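Have a look at the structure below before the remarks.
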Amino acid sequence: MRARLGRTHLRQRLGLERDHEVFVLNRPGAHFFYPENWYSVHSVIRHCLRLSGLYGRARRNACRHRIVEHPLALHGLPPAFHGLRILHLTDLHVDMAAANTRAIVETVRRLDYDLCVLTGDYRARTFGPITATIDGMREVGEALSGPIYAVLGNHDSLRLVPELECLGIRFLLNETVTLERDGARLHIAGVDDAHYYQLHNLDKVAGAIPEDETAILLSHTPEIYRQAAHAGFAAMLSGHTHGGQICLPGGIPLIWDAHCPRRLAAGPWRHGALVGYTSAGAGTSVVNARLNCPPEITIHTLQPG
Numbered sequence: 526m527r528a529r530l531g532r533t534h535l536r537q538r539l540g541l542e543r544d545h546e547v548f549v550l551n552r553p554g555a556h557f558f559y560p561e562n563w564y565s566v567h568s569v570i571r572h573c574l575r576l577s578g579l580y581g582r583a584r585r586n587a588c589r590h591r592i593v594e595h596p597l598a599l600h601g602l603p604p605a606f607h608g609l610r611i612l613h614l615t616d617l618h619v620d621m622a623a624a625n626t627r628a629i630v631e632t633v634r635r636l637d638y639d640l641c642v643l644t645g646d647y648r649a650r651t652f653g654p655i656t657a658t659i660d661g662m663r664e665v666g667e668a669l670s671g672p673i674y675a676v677l678g679n680h681d682s683l684r685l686v687p688e689l690e691c692l693g694i695r696f697l698l699n700e701t702v703t704l705e706r707d708g709a710r711l712h713i714a715g716v717d718d719a720h721y722y723q724l725h726n727l728d729k730v731a732g733a734i735p736e737d738e739t740a741i742l743l744s745h746t747p748e749i750y751r752q753a754a755h756a757g758f759a760a761m762l763s764g765h766t767h768g769g770q771i772c773l774p775g776g777i778p779l780i781w782d783a784h785c786p787r788r789l790a791a792g793p794w795r796h797g798a799l800v801g802y803t804s805a806g807a808g809t810s811v812v813n814a815r816l817n818c819p820p821e822i823t824i825h826t827l828q829p830g
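Quick note on numbering: the sequence shown equals residues 526 to 830 in the numbering used here.
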């Protein structure tokens with residue numbers, strides 16, 4: 526792991542994880558102020574949904590995944606990669622609710638695609654044990670086919686990486702992989718979480734890609750859209766926002782927990798030459814409910830831009 530990340534990245538990642546756990550678990554009074562420990566807030570949300578008569582429907586919605594077929598047009602895409610289908614899963618939170626994970630597994634088993642990308646947040650909490658997350662990801666991994674590339678999210682521990690790579694999931698820790706077809710090349714780069722840990726290194730991943738070749742960036746959050754555009758990536762695939770998860774009618778999010786415009790909170794978007802897509806995510810966080818924002822499993826079909 527040290528050889529892949531470098532000494533500084535490794536020490537920062539592990540150190541920040543330890544600091545985070547101390548803050549939310551051990552520091553006197555801190556657990557009261559940390560949002561994930563506001564169980565009363567979770568109860569208030571559930572109670573409001575019950576009072577409105579929407580709680581049962583919102584819980585059922587969490588297992589009703591919408592399959593989105595999205596044409597992803599990339600400038601400079603080599604003809605050999607026209608029609609390549611990329612399954613995009615994000616924000617699985619597999620230890621949140623077993624029924625959600627089963628629904629994901631049942632859905633992806635019947636899909637047709639060439640490779641899969643995972644854009645982070647595999648566990649429900651941002652601290653604590655990882656055993657349930659590994660077990661849930663094993664179920665998901667067994668349902669997937671083809672190469673699987675992944676990045677870490679703000680909920681994820683670096684401790685997950687060795688365990689999940691044993692399941693055949695290749696993590697991109699500020700790293701790049703190159704796909705080859707008929708002598709043509711397409712690059713997929715992945716950065717560490719840019720939301721909480723802020724250990725993304727665009728210089729490193731962009732520097733490994735020839736300037737005249739096409740690259741797709743995997744980032745847990747869309748917050749680095751401006752930097753990614755100026756770094757020369759053709760596209761960026763992200764998650765993190767859950768699309769709002771509990772939205773107003775019409776899918777209008779109340780919050781999206783990311784420092785970016787609302788237009789980047791869900792679905793396709795563009796910034797300059799960069800095309801992007803923010804998935805609403807396949808799982809749930811904080812409260813196991815979805816309203817006016819169905820969980821999403823996305824297939825991007827590459828096309829020339």
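Where a beta carbon is used, it is the ideal one built from N, C-alpha and C, also for glycine. This one's a predicted model, so the numbers in the text were calculated from it and none came from an experiment.
Which residue comes first and which comes last in the alpha helix (DSSP H) that contains residue i?
{"i": "Val702", "result": "That residue, Val702, is in no alpha helix (DSSP H); its beta strand (DSSP E) goes 700 to 706."}
{"i": "Glu690", "result": "685 to 690"}
{"i": "Thr823", "result": "Counting along the chain, Thr823 falls outside any alpha helix (DSSP H), though it belongs to the beta strand (DSSP E) covering 821 to 829."}
{"i": "Thr533", "result": "532 to 546"}
{"i": "Ala583", "result": "580 to 586"}
Judging by CA-CA distance, which residue of the options is the nearest neighbour of residue i?
{"i": "Leu636", "options": "His618, Ala668, Ala814, Thr651", "result": "Ala668"}
{"i": "Ser670", "options": "Pro747, Gly693, His796", "result": "Gly693"}
{"i": "Pro793", "options": "Gly531, Leu599, Arg532, Ile673", "result": "Leu599"}
{"i": "Asp616", "options": "Phe548, Pro820, Val547", "result": "Pro820"}
{"i": "Arg589", "options": "Tyr647, Leu816, Gln828", "result": "Leu816"}
{"i": "Asn726", "options": "Gln752, Ile629, Pro735, Thr739", "result": "Gln752"}
{"i": "Leu640", "options": "Arg627, Pro603, Thr823", "result": "Thr823"}
{"i": "Leu799", "options": "Cys785, Cys772, Ile629, Ala756", "result": "Ala756"}
Suppose contacts are defined by Cβ-Cβ distances below 7 Å. Is residue i in contact with residue j by that definition?
{"i": "Leu724", "j": "Arg538", "result": "yes"}
{"i": "Ala605", "j": "Ala709", "result": "yes"}
{"i": "Thr644", "j": "Leu743", "result": "yes"}
{"i": "His825", "j": "Ile611", "result": "yes"}
{"i": "Glu542", "j": "Ser763", "result": "no"}
{"i": "His712", "j": "Tyr750", "result": "no"}
{"i": "Asp718", "j": "Leu779", "result": "no"}
{"i": "Leu614", "j": "Ala807", "result": "yes"}
{"i": "Thr809", "j": "Met662", "result": "no"}
{"i": "Arg648", "j": "His680", "result": "yes"}
With residue i as the anchor, note down where its beta strand (DSSP E) starts and where it stops.
{"i": "Ala657", "result": "From DSSP, Ala657 is part of no beta strand (DSSP E) but of the alpha helix (DSSP H) over 656 to 668."}
{"i": "Ala714", "result": "709 to 715"}
{"i": "Thr803", "result": "799 to 803"}
{"i": "Asn673", "result": "A quick correction: the sequence has Ile, not Asn, at residue 673. First-last of the beta strand (DSSP E) with Ile673: 673 to 675."}
{"i": "Leu643", "result": "640 to 643"}
Assuming residue i and residue j form a contact by the criterion Cβ under 8 Å, report the distance between their Cβ atoms to the nearest whole angstrom.
{"i": "Val730", "j": "Glu705", "result": "That pair is no contact at about 18 Å."}
Exercise. Let me know the alpha helix (DSSP H) ranges lying completely inside the segment 719 to 770, each 4 residues or longer, listed in chain order.
Key: As far as the segment 719 to 770 is concerned, its whole alpha helix (DSSP H) runs of at least 4 residues are 727 to 732, 750 to 755.
Quiz item: What runs of the beta strand (DSSP E), each 3 residues or longer, lie entirely inside the segment 591 to 637?
Solution: Taking only runs of at least 3 residues, the beta strand (DSSP E) segments lying wholly in the segment 591 to 637 are 591 to 599, 610 to 614.
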